[in-house]
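**Q**
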Amino acid sequence: EDFRDKGQDVLFFVDNIFRFTQAGSEVSALLGRIPSAVGYQPTLATDMGGMQERITTTHKGSITSVQAVYVPADDLTDPAPASTFAHLDATTVLNRSIAEKGIYPAVDPLDSTSRMLSANIIGEEHYNTARAVQVTLQRYKALQDIIAILGMDELSEEDKMTVARARKIERFLSQPFFVAEVFTGSPGKLVALEDTIKGFKGLIEGEYDHLPEAAFYMVGSMDEAIEKAEKMASEAA
């Protein structure tokens, strides 16, 4: 806050904000306060609010905070992470099931949120494409129980198409990282926002239904996916 008030822009990393909650819980127990839900301190919301609301921008400077949030038992409704999320402008949720599929970064596009996801801020095309991707993935998630019990054959043709596109979207969301090149041997990819939007829009509209889903895994732009599909076809022939 002192640096901000002196006219500087501050980048504040917190690892891990859950420790703040734990510390408050321990102090509360030592003071003999009656715990609230799940054993947390009764002042959890006010404690978190008091700390988070100090991370703000003034006319003199700004504070931008990036916080790691531990989610107990992967429960996003747990009072500790829930009280934290209420103060964040954007959340990036990592999902174990996505990591198990070998898709990295294992970001869950359904649980992750951003206040910037508005047509007034990012434009109609970007907004509509992002929402269409979420709708497709949500529909696929709803169909997974039916697929597990009855199999793909019991789905309607429309649902089969939704599943096929959703699986391609999942793989297209993977990205080779520059920092992971040492471990994977695959060079990192940097894709322009316009190309990313164009690629996902084409997937939603069915322009790439003829490509195998493996072609979308760990590539950069859609052009690379098409090139990979052609290479796979030539190798198979």
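The sequence shown runs 76 to 312 under the numbering used here.
In this text, a Cβ means the ideal position worked out from N, Cα and C, and glycines have one as well.
Remember, predicted model here, so these are calculated numbers, not experimental data.
1. Given this structure, state the Cα-to-Cα distance separating Ser296 from Ser158, to the nearest angstrom.
2. Measuring straight from C-alpha to C-alpha, what distance separates Phe78 and Thr139?
3. When the Cα atoms are used, what is the spatial distance from Ala217 to Val210?
4. Indicate whether Phe247 and Phe291 have their beta-carbon atoms separated by less than 7 Å.
5. If I measure Cβ to Cβ from Val238 and keep anything under 8 Å in the same chain, skipping five residues before and after, which residues do I get?
6. With a Cβ-Cβ cutoff of 7 Å, do Phe275 and Thr167 count as a contact?
7. Can you tell me whether DSSP reads Phe78 as helix, strand or coil?
8. Along the chain, which unbroken stretches of the alpha helix (DSSP H) at least 4 residues long are found entirely within the region 107-152?
9. Rank Ile173, Pro154, Arg94 and His134 by C-alpha distance to the C-alpha of Arg242 and give the top, closest one.
10. Taking the alpha helix (DSSP H) that Leu278 falls in, what are its first and last residues?
11. Examine the Cβ distances between the region 79-92 and the region 100-119 and report whether three or more of them are shorter than 8 Å.
12. Could you give the DSSP three-state label for Ser193: helix, strand or coil?
13. Residues bridged to Val89 by DSSP?
14. Looking at the structure shown, is Ala174 part of a helix, part of a strand, or coil, going by DSSP?
15. Distance, Cα to Cα, Gln97 vs Ala120?
**A** By the coordinates alone:
1. 37 Å
2. 12 Å
3. 11 Å
4. yes
5. Tyr215, Leu218, Ile222, Met227 and Leu230
6. no
7. helix
8. 119-127
9. Ile173
10. Leu268 to Ile279
11. no
12. coil
13. Gln142
14. helix
15. 13 Å
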